[in-house]
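Peer 1: Handing you this structure, nothing more for now.
Quick look at the structure:
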């Protein structure tokens, strides 16, 4: 006997069932075009600040946190958002869904955090002395060796390094703008509010300490950038309520009217201004997050 042949009608039914299952599986696996896009930890293009290694964090327990849609530093940490921002060397405008930041296991561990020594012997004989640590991406202001100002910074990238050594502030310009670089929209020269020049190289390029964006890593063309959310609101429209104003604070302390004549707001040469010491190397980028807990 020959095996019974499947009737054509049965074949049609089976093909219909198989096609329906395949289409159904595809629909279940494919997200709707109207669905909200979600942050994905697998997205390699997103910034991962947990990979930036700072020596001072060895004794602080922390873990990576992946920023989800609608999360902000304020919504995550309340009034302690400032400490988390400083811990990551980042400003609020650069925290976005899809990136990863460092979060201390215990917020109390980073209140008052500074990676710089509370007393620095080389600054003992100076009324005012500025120390910039490239490895820590941090700036400290000292009075006779005692740390009185401690703020995060963004220094030059590897391809545009900040010079190291000992310098001295030689000029101030409260309303300085870059002669070389423009804002991202290419509409105006990049603002450098509260600028203090500490070096001019052989090509007559000036290096300044000034207000800028802080993205949580070395990012400048060689200058040293400090928080200034007032500048960011004026130029970029965010944040709504400026809080982080480190560049104003350091400028007033180092070259303000308390020690010098009235500030015209324009470029002014200075004498006997604070020494600026820049030390270290750029922080190391780990191949992957250490996930310390």
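Numbering (UniProt numbering), first residue to last: 1 to 293. Glycine residues also receive a C-beta, built at the ideal position from the N, C-alpha and C atoms.
(1) I need the straight-line Cα distance from residue 100 to residue 65, nearest angstrom please.
(2) At which residues does the beta strand (DSSP E) containing residue 102 begin and terminate?
(3) I need the straight-line Cα distance from residue 103 to residue 94, nearest angstrom please.
(4) Can you find the residues in the same chain that come closer than 6 Å, C-beta to C-beta, to residue 166, ignoring five residues on each side of it along the sequence?
(5) For residue 257 and residue 89, what's the separation of their Cα atoms in angstroms?
(6) Go to residue 146, then tell me how far its beta strand (DSSP E) extends in each direction, as first and last residue.
(7) Given this structure, state the Cα-to-Cα distance separating residue 282 from residue 55, to the nearest angstrom.
(8) What are the uninterrupted segments assigned as alpha helix (DSSP H) that are 4 or more residues long and contained completely in the stretch 219-289, given in chain order?
(9) To the nearest angstrom, report how far apart residue 269 and residue 63 are at their CA atoms.
(10) Taking residue 132 as part of the beta strand (DSSP E), name the residues at either end of that continuous run.
(11) What does DSSP give as the partner residues of residue 111 in its beta bridges?
(12) Please classify residue 141 as buried or exposed, where buried requires at least 16 other C-beta atoms within 10 Å of its C-beta.
(13) Measuring alpha carbon to alpha carbon, tell me which of 85, 109 and 116 ends up nearest residue 59.
(14) Sorted by chain position, which residues of the same chain lie with C-beta nearer than 8 Å to residue 144's C-beta, five sequence neighbours on each side aside?
(15) So if DSSP puts residue 143 in a beta bridge, which residue, or which two residues, is it bridged to?
(16) Exposed or buried, residue 112, counting other C-beta atoms within 10 Å across all chains shown (16 or more means buried)?
Peer 2: In terms of the structure at hand:
(1) Looking up residue 100 in the chain shown gives position 100. Looking up residue 65 in the chain shown gives position 65. Cα to Cα, residue 100 sits roughly 5 Å from residue 65.
(2) Numbered from its first residue, the chain shown carries residue 102 at position 102. Where residue 102 is concerned, the enclosing beta strand (DSSP E) stretches over 100-104.
(3) Along the chain shown, read from residue 1 onward, the residue named residue 103 stands at position 103. Along the chain shown, read from residue 1 onward, the residue named residue 94 stands at position 94. Cα to Cα, the separation comes out at about 16 Å.
(4) As a working mapping, residue 166 is identified with position 166 in the chain shown. For residue 166, where only same-chain residues beyond five positions count, the Cβ hits under 6 Å are 277.
(5) Within the chain shown, residue 257 is the residue found at index 257, counting from 1. Within the chain shown, residue 89 is the residue found at index 89, counting from 1. Each residue's alpha carbon lies about 29 Å from the other.
(6) In the chain shown, residue 146 corresponds to position 146, counting from 1. Per DSSP, residue 146 belongs to the beta strand (DSSP E) from 146-152.
(7) As a working mapping, residue 282 is identified with position 282 in the chain shown. As a working mapping, residue 55 is identified with position 55 in the chain shown. The alpha-carbon atoms of residue 282 and residue 55 are separated by roughly 11 Å.
(8) 229-236 and 246-255
(9) As a position in the chain shown, residue 269 is number 269, starting the count at 1. As a position in the chain shown, residue 63 is number 63, starting the count at 1. Rounded to the nearest angstrom, the two C-alpha atoms are 46 Å apart.
(10) By 1-based counting over the chain shown, the position of residue 132 is 132. Unbroken beta strand (DSSP E) run through residue 132: 129-133.
(11) Counted from its first residue, the chain shown places residue 111 at position 111. DSSP lists no partner for residue 111.
(12) Translated into the one-based positions of the chain shown, residue 141 becomes position 141. Buried, by the Cβ-count rule.
(13) Taking the chain shown and counting its residues from 1, one reaches residue 59 at position 59. Ranking 85, 109 and 116 by Cα distance to residue 59 puts 109 first.
(14) Position 144 of the chain shown, counting from 1, holds the residue named residue 144. Hits under 8 Å: 123, 124, 125, 126 and 127.
(15) Here residue 143 corresponds to residue number 143 of the chain shown, with the count starting at 1. For residue 143, which the question treats as bridged, DSSP gives the partners 146.
(16) If you number the chain shown from 1, residue 112 lands on position 112. It counts as exposed.
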